[in-house]
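Trainee:
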Amino acid sequence: MLDNILSILIFFPALAAMFGFVVAKDSIRAYGVTVAAIEFALSLFLWYAYDPAVSGMQFMESLPLIPAFGISYLLGVDGISLFIIVLAAFFTLIGIASLPDMKRMKDMILTLLFLQMTMIGVFAALDAIVFYVFWELSLVPMLYIIGAWGGPLRIYASVKFFLYTFTGSLVMLVGMLFMAYFYHQATGTWSFSILEWYRLILPENIQLWLFVAFFLGFAIKVPMFPFHTWLPYAHGQAPTIGSVILAAILLKMGTYAFVRFSLPLFPDASVFFMMPIAVLAIIMIIYTAMVAYAQEDIKQVVAYSSVSHMGVIILGTFALNVEGISGSVFLMIAHGVVSGALFLLVGVIYERRHTKMMSEFGGLASVMPHYATIFGVMVMASVGLPLTINFVGEFLSLLGFYQQSHMMTLLAGIAIIVGAIYMLAAFKKVFFGEVTNEKNRNLPDVNKRELVALIPLVIIAIWLGVYPKPVLGPINNSVESIVQLMHEKAVTEEAKARIPDLTSTIVINEAKEETK
Amino acid sequence: MLEPVNVSLESLNLVTLAPMLIAIVGALTILVVDLVKSGLNKTMYVMLSMLFLLLDFGSLVDFAGFFAQNGTILGFFDVMLIDGLAILAQFIIVVGAMMFLPLSLTSKRFHEYSYPEYYALFLFTIAGLQFMVSTDNLILIFVGLETSSLAIYTLIAMHNRSKSFEAAVKYFTMGALAAGFYSFGAMVLYALSGSVEINQIAAVLSADGYSNIGYVLVGVAFLLASFGFKLSLVPFHTWAPDVYEGSSAAMAGFISIVPKIASFVVAMRLFEFLVQSGVVWLEVTLYVFVVVTMTASNIWALVQNDVKRMLAYSSISHAGFVMAALIIGTTQANSALFLYWAMFSFTNLGAFAMLWVNREKSLKYGQNSDHQFERFSGMVHTMPLAAVMMGLFMLSLAGIPPFGIFWGKLYMLGAAVSGGYTVLALIMALNSAIAAFYYLKLIVFMFLKEPDEQAHEKYMTNASLSLKTIIGAAAVMTVFSVFAVNPLLEFITSFVYNSGY
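As they're listed, the protein sequences go chains A and B.
Residue 1065 is where the first sequence starts when you use my numbering, and the numbers rise one by one after that.
Residue 90 is where the second sequence starts when you use my numbering, and the numbers rise one by one after that.
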């Protein structure tokens, strides 16, 4: 069982979705919730069985798929992917559980289960081609979710989403083939295993080109600043569940791939591109924060704030030290929880009023007190109030980057203040003041089904804000091994200097202890 | 008084003719059966042809085993050349034929299928294509090419639509031009080298160090134009969309796959030694052909309103993609060509078969082509399974993993990367992205739009159990292709490698 738990996690939802075609329409929600709950339980079991003291890959599975071309079915998790897998299982569960009644419910639930397969596959794959397969396959269910249940511009939004990501990932595929080719040159055998690739030391100029090829694929997915234009459309048109999954999990694929591929494979290129990417990330943080302030649609505010926070994740990742990367991985989880919750909350109000315009609301705090409270907690978490989940991640990410550049970190810090401004302003517009619109007078407060989804998110947001260690510990452990690997692999002097050598710090610490 | 020629029968190695002869005998048998008793049902002819194709396939398996042990087989005055390429191509041809032939078992009656000549011509086509790939004699290539082409013109014309005649005449005219070009090119090469065997030509040309490079280029230019027509490379492609539109979907699918692999093999034999021996002009021209064919046809496909025309442009684009193998010229690239085409045939079979089952007898008022995009709108509501199938084939054509064509694309891109053609690899990758748009267009129509009222009556009117079986088989192959890739790849690579390509 334990040997194949990752395969089970990946293919159980897909198989369940196949069987689900037979289930009658009126029972499909119960079926979906049950399947997702089993899946979530399995993912918790994975967490339970995971040994946090080990920094490398665990639960590895390996099966030759196309040995003639070095492609194998290789899976494994470490501290970085483990929690995103748990998060993916969790969000599918609450997504299905809180799904409002809609047309073609059955199609939606089965699509979500297929989507879950691709999401977990991406984070568990350790073979570049298997990774690519799930990466691309995840586009199809999302295309369907946005295109079939979305708003008036849904077809434009879904096709744009698909084509943007597909184009980027094809360039990435060429990069992967190059990587395999260099591996072939070096060793004489074909391999697409990331772990094998980690052992390859490439000259700097090749690293630069390959970094760019991979970067295109990942940056479009994140989405980073010049490539972000598909996201507001996708969020704007997607149904609530689509936005939730997109923001909470799918975008993380990009940032996760940076940590899994770009950093350890191309340490010198990462150092070389650190400043340009940091500039892009800061533009992304500030610019989207300002755009968010200008929005009139509450969902767009949340969407842009989500992009803005993704910028902090990128910044943390490219700090290239343990604090920064651990912080950014933690922030991926935090961002998933918080923006997922915010999209769910926006969905709640949209469900009641069928509008997302902030001008239509006002004074909701007196009409829907529970709703306003939960929304308030999530807004606080989103702006990074200490003792909430986002704070830990943002603080660590910025702390990490502070070691690389003080000015840039300062700029990013300012942007977080802007973040507080637009989120609080939006919160004020919607919830405080007098109830001006008669239609809002008798809105029902959050119902049980919505609470089932929201309460656990609130608990996580606060629990991990107060006591992040159970998650941060394993992350830190795995990140340390990646940073050490990067330091060892780095060819140039600059990269050696920028990427800390962890063995030496340990030696220093020991020396300090001895002198004491 | 001429001396009597004394050739021993063993040295002729007549067995090398067996696969083609089986197809020819099959065609003649069908004609004889018709003479004895006419008016038989089409099912009988289809199954009879299938049996002969199976025999053909069996003989190929035999040859494959023999090749794996003893290498290339020559025969019939050394005109026949059964090497790995010949065997692989014949496998694709015969299997392709066996998949497309049962598409004539429709539930509606189309009059071409009631003629036994249809099946005889079909088998003659197969025999011609088999001749074409299993020789390096320019004359026999020509004979094979013309046998198959003439038969195909007739097959298209037999479809009873005014557009079919247009298509057949267009195809015939272009084909005749291509034949002219071919014979000119062959003539020039013969004049230069005194031989019609490609390996002799190669030997003579390299022996005198390509001193007559000007004449070689003239000859190659003619041959390139000729194969440009046959492979529908841009700018020789203009016939293709009209011919696809005019012929039945089953026939269109057939001509998008089976004759093309034969042309690929001949092009491989003809052009690769030239590219390898440093005829830069040819390499550059081929490069331009490949890039333009891929890109331009993709862009034309974007603006089509008819699914069949879209698929026509898409198969031109796929042909361009595969042609890249000729430039790269490594064993990996040549293997990728066969892998790609094997995967492509299953997916394209499925796509065209899906069009074929949705075919109506006659066009409705205000409808100017058979398979407009609008006809498919909201298909997922009325025929969910059919829509999923069609969606699957479109995703595979777009190169979404893990479906069939992705693996061919992956291996071909890998070959381009290993061969040092980085820019080409990027162009190929970006073209796949452009192509995704028009395949998505059909998916958008099927899955994301609302159906119109009479949707129920429109779909699957032409389906019969055998057609559904074929579509199912194509879908299974497309989905589970990942498990077929490794054995296929090993088989193909060893055959290509052992033929010296």
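Idealized CB from N, CA, C, for every residue including glycine.
Thinking C-alpha only, which one of A:W1261, A:A1429 and A:V1099 is nearest A:V1045?
Mentor: Outside the shown range of chain A, which is 1065 to 1580, sits residue 1045 of chain A, and nothing can be said about it.
Trainee: Between the Cα of B:D145 and those of B:Q219, B:N102, B:L190 and B:F156, spot the shortest distance and give me the residue it belongs to.
Mentor: As a first step, residue 145 of chain B must be located in the second sequence, where it is residue number 56. Residue B:Q219 is the option with its Cα nearest to B:D145.
Trainee: Given this structure, state the Cα-to-Cα distance separating B:F318 from B:T224, to the nearest angstrom.
Mentor: As a working mapping, residue 318 of chain B is identified with position 229 in the second sequence. As a working mapping, residue 224 of chain B is identified with position 135 in the second sequence. Rounded to the nearest angstrom, the two C-alpha atoms are 21 Å apart.
Trainee: Measure the beta-carbon distance from A:V1141 to A:F1123 and round it to whole angstroms, keeping in mind my assumption that it falls under 8 Å.
Mentor: The residue labelled residue 1141 of chain A in the question sits at position 77 within the first sequence. The residue labelled residue 1123 of chain A in the question sits at position 59 within the first sequence. The pair is a contact, with the Cβ atoms about 6 Å apart (cut-off 8 Å).
Trainee: Can you list, in chain order, the residues of its chain whose CB lies under 7 Å from that of A:G1134, leaving out five sequence neighbours each side?
Mentor: Walking along the first sequence from the start, residue 1134 of chain A turns up at place 70. Counting only Cβ-Cβ distances below 7 Å, and skipping sequence neighbours, we find A1244, T1253, W1254, S1255 and F1256.
Trainee: When the Cα atoms are used, what is the spatial distance from B:I176 to B:L149?
Mentor: By one-based count along the second sequence, residue 176 of chain B stands at place 87. By one-based count along the second sequence, residue 149 of chain B stands at place 60. Computed Cα separation, rounded: 7 Å.
Trainee: For chain B, check one thing: does any of its Cβ atoms lie closer than 8 Å to the Cβ of A:L1241?
Mentor: Along the first sequence, read from residue 1 onward, the residue named residue 1241 of chain A stands at position 177. Answer yes: the Cβ-Cβ gap between A:L1241 and chain B drops below 8 Å somewhere.
Trainee: Mark A:I1074 as exposed unless 16 or more other C-beta atoms lie within 10 angstroms of its C-beta, in which case mark it buried.
Mentor: Working through the first sequence from its first residue, we reach residue 1074 of chain A at position 10. Result: buried.
Trainee: Use the C-beta contact count for A:T1182: other C-beta atoms within 10 angstroms, 16 or more gives buried, fewer gives exposed.
Mentor: Locating residue 1182 of chain A in the first sequence gives position 118, counting from the first residue. Label assigned to A:T1182: buried.
Trainee: Under DSSP, the beta strand (DSSP E) around A:Q1027 begins and ends at which residues?
Mentor: This structure cannot speak to residue 1027 of chain A, because chain A is shown only from 1065 to 1580.
Trainee: Compare the C-beta of A:L1201 with all C-beta atoms of chain B and state if any pair is closer than 8 Å.
Mentor: The sequence position of residue 1201 of chain A within the first sequence is 137, counting from 1. Chain B contact via Cβ: present.
Trainee: Quick one: what does DSSP say B:D151 is sitting in, helix, strand or coil?
Mentor: As a position in the second sequence, residue 151 of chain B is number 62, starting the count at 1. Here B:D151 sits in helix by DSSP.
Trainee: Which term fits A:H1292, buried or exposed, when burial requires 16 or more other beta carbons within 10 angstroms of its beta carbon?
Mentor: The count along the first sequence starts at 1 and reaches residue 1292 of chain A at position 228. Counting Cβ neighbours within 10 Å, A:H1292 comes out buried, since at least 16 surround it.
Trainee: With 8 Å as the C-beta to C-beta threshold (strictly closer), list the residues of the segment 1208-1238 of chain A near chain C in chain order.
Mentor: Looking for chain C here will not work: the only protein chains present are A and B.
Trainee: Would you please verify whether the beta carbon of B:F526 is less than 8 Å from any beta carbon of chain A?
Mentor: For the purposes of this step, residue 526 of chain B is identified with residue 437 of the second sequence, where counting begins at 1. Chain A contact via Cβ: present.
Trainee: When the cut-off is 8 Å and only beta carbons count, does A:P1205 lie next to chain B?
Mentor: To locate residue 1205 of chain A, count along the first sequence from 1; it is residue 141. Judged by the 8 Å Cβ criterion, A:P1205 is not in contact with chain B.
Trainee: Going by the CB atoms, is the gap between A:F1109 and A:I1148 shorter than 8 Å?
Mentor: Residue mapping note: residue 1148 of chain A aligns to position 84 of the first sequence, counting from 1. Residue mapping note: residue 1109 of chain A aligns to position 45 of the first sequence, counting from 1. Cβ atoms of A:I1148 and A:F1109: not closer than 8 Å.
Trainee: Which one or two residues does DSSP pair with B:Q461 in a beta bridge?
Mentor: In the second sequence, counting from the first residue as 1, residue 461 of chain B sits at position 372. In the DSSP output, where bridge partners are listed per residue, B:Q461 has B:D395.
Trainee: How would you call B:V269, buried or exposed, if buried means at least 16 neighbouring beta carbons within 10 angstroms?
Mentor: Residue 269 of chain B sits at position 180 when you count from the first residue of the second sequence. A quick correction: the sequence has Gly, not Val, at residue 269 of chain B. Counting Cβ neighbours within 10 Å, B:G269 comes out exposed, since fewer than 16 surround it.
Trainee: By Cβ distance, which residues of its chain are closer than 7 Å to B:A476, with the 5 residues on each side in sequence left out?
Mentor: The residue you call residue 476 of chain B lines up with position 387 of the second sequence. For B:A476, where only same-chain residues beyond five positions count, the Cβ hits under 7 Å are M468, V469, M535 and F536.
Trainee: Beta strand (DSSP E) containing A:L1066: first to last residue?
Mentor: Taking the first sequence and counting its residues from 1, the one referred to as residue 1066 of chain A is at position 2. First-last for A:L1066: undefined, no H or E at that position.
Trainee: Under the assumption that A:G1159 contacts A:I1309 (Cβ atoms under 8 Å), give the Cβ distance between them as a whole number of angstroms.
Mentor: By one-based count along the first sequence, residue 1159 of chain A stands at place 95. By one-based count along the first sequence, residue 1309 of chain A stands at place 245. Sure, about 6 Å apart at Cβ, within 8 Å.
Trainee: If the cut is a Cβ gap below 8 Å, which residues of chain A does B:G503 touch?
Mentor: Against the second sequence, residue 503 of chain B aligns to sequence position 414. Near B:G503 (Cβ distances below 8 Å), the residues of chain A are F1133, L1241, A1244 and Y1245.
Trainee: Do three or more CB pairs link the segment 421-441 of chain B to the segment 336-345 of chain B at distances below 8 Å?
Mentor: The segment 421-441 of chain B is in contact with the segment 336-345 of chain B.
Trainee: Could you tell me which chain B residues have their CB closer than 7 Å to the CB of A:V1197, listed as they occur along the chain?
Mentor: In the first sequence, the residue the question calls residue 1197 of chain A occupies position 133. Result: P490 and P491.
Trainee: Whose CA, out of A:H1399, A:I1072 and A:Y1196, lies closest to the CA of A:S1461?
Mentor: Here the question's residue 1461 of chain A lines up with position 397 in the first sequence. With distances taken between Cα atoms, A:S1461 lies closest to A:H1399.
Trainee: Is DSSP giving B:G217 helix, strand or coil here?
Mentor: For the purposes of this step, residue 217 of chain B is identified with residue 128 of the second sequence, where counting begins at 1. B:G217: helix per DSSP, three-state reduction.
Trainee: Hey, quick one: how far does the beta strand (DSSP E) through A:Y1137 stretch, first residue to last?
Mentor: On the first sequence, position 73 is the one that residue 1137 of chain A refers to. That run of the beta strand (DSSP E) goes I1135 to V1141.
Trainee: With the cut-off set at 8 Å, would you say A:S1233 and A:F1275 are in Cβ contact?
Mentor: Stepping through the first sequence from its first residue, residue 1233 of chain A is reached at position 169. Stepping through the first sequence from its first residue, residue 1275 of chain A is reached at position 211. Cβ atoms of A:S1233 and A:F1275: not closer than 8 Å.
Trainee: Would you give the residue range spanned by the beta strand (DSSP E) that A:G1045 belongs to?
Mentor: This structure leaves residue 1045 of chain A out entirely; chain A is present only between 1065 and 1580.
Trainee: Since B:N575 meets chain A, which of its residues come closer than 9 Å, beta carbon to beta carbon?
Mentor: On the second sequence, position 486 is the one that residue 575 of chain B refers to. Correct list: P1128, L1129, I1130, P1131, A1132, F1133 and I1135.
Trainee: Using the beta-carbon of each residue, which ones in chain A are nearer than 9 Å to B:T582?
Mentor: Counting from one through the second sequence, the residue named residue 582 of chain B turns up at place 493. Residues of chain A passing the Cβ test: A1132.
Trainee: Could you check which residue in A:M1396, A:G1211, A:F1382 and A:G1306 has the C-alpha nearest to that of A:T1473?
Mentor: Here residue 1473 of chain A corresponds to residue number 409 of the first sequence, with the count starting at 1. Answer by Cα proximity: A:F1382.
Trainee: Below 8 Å, can you find three or more Cβ-Cβ pairs linking the segment 1429-1440 of chain A to the segment 1501-1519 of chain A?
Mentor: Taking 8 Å as the limit for Cβ pairs, the verdict is that the segment 1501-1519 of chain A does touch the segment 1429-1440 of chain A.
Trainee: If A:L1207 and B:V571 are in contact, beta carbons under 8 Å, what's the gap, nearest whole angstrom?
Mentor: Indexing the first sequence from 1 puts residue 1207 of chain A at position 143. Indexing the second sequence from 1 puts residue 571 of chain B at position 482. Not quite, the Cβ-Cβ distance comes to about 22 Å (not below 8 Å), so this is no contact.
Trainee: Closer than 8 Å is the cut-off here; do at least three beta carbon pairs connect the segment 368-381 of chain B with the segment 280-293 of chain B?
Mentor: Contact fails: fewer than three Cβ-Cβ distances are below 8 Å.
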